Amino acid sequence: MSLRFLDPEGQLPPAGRAQLESAFAALMRADYKEAYDELAVAVRDDDDLTRAFGLLYLGDLYHFQWDFALSATSYGQAKELFESIGHRRGIIMTQLRVADIIVDEADSTEVPADRLTTARAEGAALLDRATADAEALGDDFLRGFVRHYQALFATEQRDYARAAELAAEAVAIRERIGDDVFGPSSSALLARAKAELGDFEQAVALAERTFQTQMERGLRGAALRTLTILSYVNERRQIQLADELVNQFTAVEPIARTPYLLGGVSEKELAVAAHAAGDETPLMAAHGQARSARQSLVSDARVAVMMLVS
Numbered sequence: 116m117s118l119r120f121l122d123p124e125g126q127l128p129p130a131g132r133a134q135l136e137s138a139f140a141a142l143m144r145a146d147y148k149e150a151y152d153e154l155a156v157a158v159r160d161d162d163d164l165t166r167a168f169g170l171l172y173l174g175d176l177y178h179f180q181w182d183f184a185l186s187a188t189s190y191g192q193a194k195e196l197f198e199s200i201g202h203r204r205g206i207i208m209t210q211l212r213v214a215d216i217i218v219d220e221a222d223s224t225e226v227p228a229d230r231l232t233t234a235r236a237e238g239a240a241l242l243d244r245a246t247a248d249a250e251a252l253g254d255d256f257l258r259g260f261v262r263h264y265q266a267l268f269a270t271e272q273r274d275y276a277r278a279a280e281l282a283a284e285a286v287a288i289r290e291r292i293g294d295d296v297f298g299p300s301s302s303a304l305l306a307r308a309k310a311e312l313g314d315f316e317q318a319v320a321l322a323e324r325t326f327q328t329q330m331e332r333g334l335r336g337a338a339l340r341t342l343t344i345l346s347y348v349n350e351r352r353q354i355q356l357a358d359e360l361v362n363q364f365t366a367v368e369p370i371a372r373t374p375y376l377l378g379g380v381s382e383k384e385l386a387v388a389a390h391a392a393g394d395e396t397p398l399m400a401a402h403g404q405a406r407s408a409r410q411s412l413v414s415d416a417r418v419a420v421m422m423l424v425s
């Protein structure tokens, strides 16, 4: 679990460590009720470090449930405790988490454009600070998190080539240190970037493999997020296929060049209908199909093609 990386010196007392590891395991398998019950004990522990990690994980729990206010409060209290103890790894980890929720909250709510710009700048500044601290510490576990969050920020900014590069670095770092919990999450992020770059075959294969790995390891919460990415990748692939088919049809189908015969039906609708004709002649089938399409308000050629190939 993450404590073997975040507390390699073994500063946590055995009882507190066991409590936190149990809570973390529940978090990873998306058993949030059990995780909350465990963390409710940890955050009241007499040991400051146990309380700090308990608050960090509590922030994660609220973050997973998109309760940004409670998440920010928990992370803030965790950071104060880590700073009072002088626990550098904990400080850096909370900086990364706070950077993430600042942008997540702004992206998930209706906010003015200037507020979103400000949130992105705040998140980027925190991420830069955490990056410098992690590099200075030379901690590969934190460097893996840094690369992952940098890839997330690049994805949010639609710089998909950079996102793919950073996600691949995160995967490499996490595989090297044996991080079998968070490593697959970076693989899923890499799959998303590959899909945005048009490499759908690799994206689907990687996302499916990642999902299977996460399920085998009991990481159900992360697996659900990977499944969301896989669904998005397949949707993007289907849209691209629809565009390619429409382009092929309009390029080679003579019927597409005679819209005036059928009352102004668009060329793309005629082409799609002609190729779905079956045993009828292309012209008659196109007329019937196009009329039906108009009646059902299917005017987008991509929608029509997706209906045909689905």
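Using my numbering, you'd call the opening residue of the sequence shown number 116 and step up by one each time. All C-beta atoms in this analysis are idealised placements derived from N, C-alpha and C, irrespective of residue type, glycine included. In this text the structure is predicted, and so the values were computed from the model without any measurement.
- Gly191 sits away from Thr165, with the two beta carbons spaced by 9 Å or more.
- Look at Gln265 here: in three-state DSSP terms it is helix.
- The alpha-carbon separation between Ala306 and Glu136 amounts to approximately 29 Å.
- Taken through DSSP and simplified to helix, strand or coil, Ser199 comes out as helix.
- Nearest to Phe197 by alpha-carbon distance, out of His178, Asp163 and Ala310, is Asp163.
- In the displayed model, Arg332 falls within coil according to three-state DSSP, outside both helix and strand.
- With fewer than 16 other CB atoms across the displayed protein chains lying within 10 angstroms of its CB, Lys148 is exposed.
- In terms of Cβ geometry, Gly253 and Ala214 do not form a close pair [threshold 9 Å].
- In the DSSP assignment, Gly298 falls within the alpha helix (DSSP H) that extends over Gly298 to Glu311.
- The C-beta separation of Gly205 from Asp160 comes to about 15 Å, leaving the pair out of contact by the 8 Å criterion.
- Thr270 is positioned such that its CB atom lies closer than 9 Å to that of Ala308.
- Runs of the alpha helix (DSSP H) lying entirely within the region 133-190, each at least 4 residues long, are 147-157 and 163-179 in chain order.
- For the region 200-232, the full-length alpha helix (DSSP H) segments reaching 4 residues or more read 203-223 along the chain.
- In this structure, the beta-carbon distance from Phe179 to Ala145 falls below 9 Å.
- For Arg119, the enclosing alpha helix (DSSP H) stretches over residues Leu118 to Leu121.
- The beta carbon of Ala167 is closer than 8 Å to those of Ala193, Leu196, Phe197, Ile200, His202 and Gly205 in its chain, skipping five residues each way along the sequence.
- Between Ile344 and Ala322, the beta carbon gap of about 6 Å places them in contact (Cβ cut-off 8 Å).
- Between Leu241 and His263, the C-beta spacing is not below 9 Å.
- Residue nearest to Leu312 within the set Phe120, Gln355, Arg119 and Ile216 is Gln355 (criterion: CA-CA distance).
- In the structure shown, Glu323 falls within a helical segment according to DSSP collapsed to helix, strand and coil.
- Judged by DSSP secondary structure, Glu290 falls within the alpha helix (DSSP H) whose first and last residues are Tyr275 to Ile292.
- Excluding its 5 nearest sequence neighbours in each direction, Arg332 has C-beta neighbours in its own chain below 7 Å: Asp295, listed in chain order.
- In this structure, Leu154 sits near Leu176, with a CB-CB distance shorter than 9 Å.
- Here the alpha carbon of Phe297 sits roughly 24 Å from the alpha carbon of Thr188.
- Contact check for Ala285 and Gly259: beta-carbon distance about 5 Å, within the 8 Å limit, so the pair qualifies.
- Note that the C-beta distance between Gly293 and Met143 is not below 9 Å.
- In this structure, Ser346 keeps its C-beta atom at 9 Å or more from the C-beta atom of Thr325.
- Measuring C-alpha to C-alpha distances from Ala184 to each of Leu121, Gly169, Thr328 and Ile216 identifies Ile216 as the nearest.
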